[in-house]
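Under the working numbering, the sequence shown has 902 at position 173, and the numbering climbs by one with no breaks. Reading through the structure tokens given below for one structure.
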Amino acid sequence: MLTLLVSYLLLGACAGLIAGLFGLGGGIIIVPVLVFSFEAQGMAPEVLTHVAVGTSLATIIVTSISSIRTHHKKEGVLWPVFWPLAAGICLGAIAGAKTAGSLSGASLQMAIGCFAIVIAVQMALGLKPKPTRTVPGRPSLGVVGGIIGWGSALFGIGGGSLTVPYLSWNNVNMQKAVGTAAACGLPIAVMGALTNIQEGWGHPKLMDWSLGYVYLPAFCGIVLTSAVFARFGALLAHRLPADILKRVFALLLFVVGVRFLLANYN
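This is the structure:
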């Protein structure tokens with residue numbers, strides 16, 4: 730157990746570092762690494778991907794609170810935009826977690842693999858939507874929030890890779906887009922994690938120390954180090970060649986995505 734806890738501490742550090750360096754939520758790396766870790770532990774293949782997603786969402790609850798406080802102090806959160814987005818996000822995250830719960834482990838891994846490849850291509854090519862619109866009204870924001878919440882809970886991420894491009898497309902400056910996306914990560918994580926706990930409750934193939942589809946040793950290890958290293962990553966981002974680092978990380982994500990697809994292709 731001690732060796733596993735150390736590995737989860739290291740995973741939290743890596744996830745936080747990546748989040749700080751690239752402005753991505755740690756979930757994009759936490760989920761694949763947890764899948765590999767759970768495979769090595771011998772966790773049942775029927776549940777290990779669901780547990781990786783649920784555990785990732787649970788860790789985002791902790792990390793997003795710290796992030797929200799930081800962005801709020803810098804007036805980086807558009808609260809009038811956040812609230813209608815959050816209303817849709819809550820419903821969408823429940824639906825996304827239930828969608829994940831209804832999929833087989835192999836199907837869920839393939840979905841995550843496809844998403845990883847899309848994000849890898851976006852990062853490698855620097856694809857960004859042109860700011861050609863203005864922020865829509867509350868009903869439209871609620872619908873968009875539902876879509877963001879669904880996709881984020883399905884993939885076990887905080888939603889920044891979806892929310893930031895959407896807000897940028899609507900002429901929100903990058904600082905406020907990132908801050909508002911960080912705030913949106915909290916309702917995604919809370920509703921997604923709670924639904925994953927409910928979906929996995931009492932499953933006979935879960936390991937000890939599981940709370941539904943949340944594996945507590947991994948959760949504890951990750952949250953202890955991720956927030957600290959996220960701040961360190963943000964400092965490094967100003968000193969290292971960001972474009973080269975993004976391409977290297979994009980290649981890593983692409984390889985992970987392809988691996989998931991090939992491992993589950995019948």
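Note that beta-carbon positions come from the ideal geometry of N, C-alpha and C, so glycine has one too.
Tell me, to the nearest whole angstrom, how far the beta carbon of residue 745 is from that of residue 825; I am working on the premise that it is less than 8 Å.
Along the sequence shown, read from residue 1 onward, the residue named residue 745 stands at position 16. Along the sequence shown, read from residue 1 onward, the residue named residue 825 stands at position 96. Actually they do not touch by this definition, with Cβ atoms about 24 Å apart.
If we ignore side chains and look at the alpha-carbon of each, how far apart do residue 783 and residue 950 end up?
Here residue 783 corresponds to residue number 54 of the sequence shown, with the count starting at 1. Here residue 950 corresponds to residue number 221 of the sequence shown, with the count starting at 1. Rounded to the nearest angstrom, the two C-alpha atoms are 15 Å apart.
Let me check understanding here. Comparing Cα to Cα, which of 858, 760 and 770 lies closest to residue 734?
On the sequence shown, position 5 is the one that residue 734 refers to. Measuring from the Cα of residue 734, the nearest candidate turns out to be 770.
Classify residue 943 as helix, strand or coil using the three-state DSSP reduction.
The residue you call residue 943 lines up with position 214 of the sequence shown. Residue 943 falls in the strand class under three-state DSSP.
Under three-state DSSP, which class holds residue 808?
Reading the sequence shown from its first residue, position 79 is the one you call residue 808. Helix at residue 808.
When you compare each of 831, 873, 768 and 857 to residue 898 by their alpha carbons, which one comes out closest?
Position 169 of the sequence shown, counted from the first residue, corresponds to residue 898. Looking at the Cα atoms, 857 is the closest of the given residues.
Run the CB neighbour count on residue 803, radius 10 Å, all protein chains shown included, and call it buried at 16 or more, exposed below.
Within the sequence shown, residue 803 is the residue found at index 74, counting from 1. Residue 803 is exposed by the Cβ-count criterion.
Quick check: the Cα distance between residue 992 and residue 808, rounded to an integer number of angstroms?
Taking the sequence shown and counting its residues from 1, one reaches residue 992 at position 263. Taking the sequence shown and counting its residues from 1, one reaches residue 808 at position 79. If I take the Cα positions, the gap works out to 42 Å.
I'd like the span of the alpha helix (DSSP H) that includes residue 801, first residue to last.
What you label residue 801 is simply residue 72 of the sequence shown in a count that begins at 1. Start and end: 774–802.
Given 8 Å as the limit, is there contact between the stretch 884–891 and the stretch 758–766, that is, 3 or more CB pairs closer than that?
Verdict: yes, contact present.
By a C-beta neighbour count over all protein chains shown, 10 Å radius and 16 as the cutoff for buried, is residue 923 buried or exposed?
Here residue 923 corresponds to residue number 194 of the sequence shown, with the count starting at 1. Its Cβ being crowded by 16 or more others within 10 Å, residue 923 is buried.
Cutting at 7 Å between CB atoms, please list the residues of its own chain near residue 941, excluding the five before and the five after it.
Translated into positions along the sequence shown, residue 941 becomes position 212. Taken in chain order, the residues that qualify are 783, 925, 926, 927, 928, 929 and 930.
On the DSSP letters alone, give me the boundaries of the alpha helix (DSSP H) that residue 864 sits inside.
In the sequence shown, the residue the question calls residue 864 occupies position 135. It is not in any alpha helix (DSSP H) - residue 864 carries neither H nor E in the DSSP assignment.
Between residue 791 and the rest of its own chain, which residues show a CB-CB distance below 6 Å, the 5 nearest in sequence each way excluded?
The count along the sequence shown starts at 1 and reaches residue 791 at position 62. So the qualifying residues of the chain are 952.
Is the separation between the beta-carbon of residue 982 and that of residue 848 shorter than 8 Å?
Sequence index remark: in the sequence shown, residue 982 carries index 253 (1-based). Sequence index remark: in the sequence shown, residue 848 carries index 119 (1-based). In contact: residue 982 and residue 848 (Cβ atoms closer than 8 Å).
Here's the rule I'm using: 16 or more other beta-carbon atoms within 10 Å means buried, otherwise exposed. How should residue 975 be labelled?
Here residue 975 refers to the residue found at position 246 when the sequence shown is read from its first residue. Buried.
Should residue 1037 and residue 748 be called a contact, given that it needs their Cβ atoms to be closer than 8 Å?
Only positions 730 to 995 of the chain appear in the structure, and residue 1037 is not among them; the question remains open.
Which class does residue 897 belong to by DSSP, given the choice of helix, strand or coil?
The residue labelled residue 897 in the question sits at position 168 within the sequence shown. Three-state DSSP puts residue 897 in a helix.
Around the Cβ of residue 797, are there at least 16 other Cβ atoms within 10 angstroms (buried) or fewer (exposed)?
The residue given as residue 797 occupies position 68 in the sequence shown. When all chains shown are included, residue 797 counts as buried.
Grab me the residues of residue 908's own chain with a C-beta within less than 6 Å of its C-beta, minus the 5 sequence neighbours each way, in chain order.
On the sequence shown, residue 908 is found 179 positions in, with the first residue counted as 1. Within the same chain, residue 908 has close Cβ partners 800, 805 and 806.
Mapping the DSSP letters down to three states, classify residue 993 as helix, strand or coil.
Position 264 of the sequence shown, counted from the first residue, corresponds to residue 993. Note: residue 993 maps to helix in three-state DSSP.
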